[in-house]
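Each remark here refers to the structure printed beneath this line.
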Amino acid sequence: MLDVVDLSRLQFALTALYHFIFVPLTLGLSFILVIMETIYVATGKEVYKDMTKFWGKLFGINFALG
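Going from the sequence shown to our numbering is simple: count from 1 and add 27.
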């Protein structure tokens, strides 16, 4: 049977895991999106626009969840 200390440790572990996954992912995706959009504006190549749209959707999902 789990006591209060074990449940508290489990809660902290889940909170830390959530934080360690979503915060770096959000920061990394935002940086990558800025770079891809900048390259698209500078070169005008549609592939960078498509990449920005794709990763932007994933960024939106990640932002909504985190």
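Ideal Cβ positions, reconstructed from N, Cα and C, are used throughout, including at glycine.
So what does DSSP say about residue i, is it helix, strand or coil?
i     : result
LYS72 : coil
ASP33 : helix
MET78 : helix
GLY87 : helix
GLY55 : helix
MET28 : coil
Which whole-angstrom value describes the C-beta separation of residue i and residue j, a residue pair presumed to lie in contact below a C-beta threshold of 8 Å?
i     : j     : result
PHE86 : SER57 : 7 Å
LEU60 : GLY93 : Not quite, the Cβ-Cβ distance comes to about 15 Å (not below 8 Å), so this is no contact.
State buried or exposed for residue i, treating a residue as buried only when at least 16 other CB atoms are found within 10 Å of its CB.
i     : result
THR65 : exposed
MET28 : exposed
THR70 : exposed
Beta-carbon separation of residue i and residue j under 8 Å?
i     : j     : result
THR53 : PHE90 : yes
Counting only beta-carbon separations shorter than 8 Å, does residue i have a partner in chain B?
i     : result
PHE86 : Looking at the structure shown, chain B is missing, and only one protein chain is on hand.
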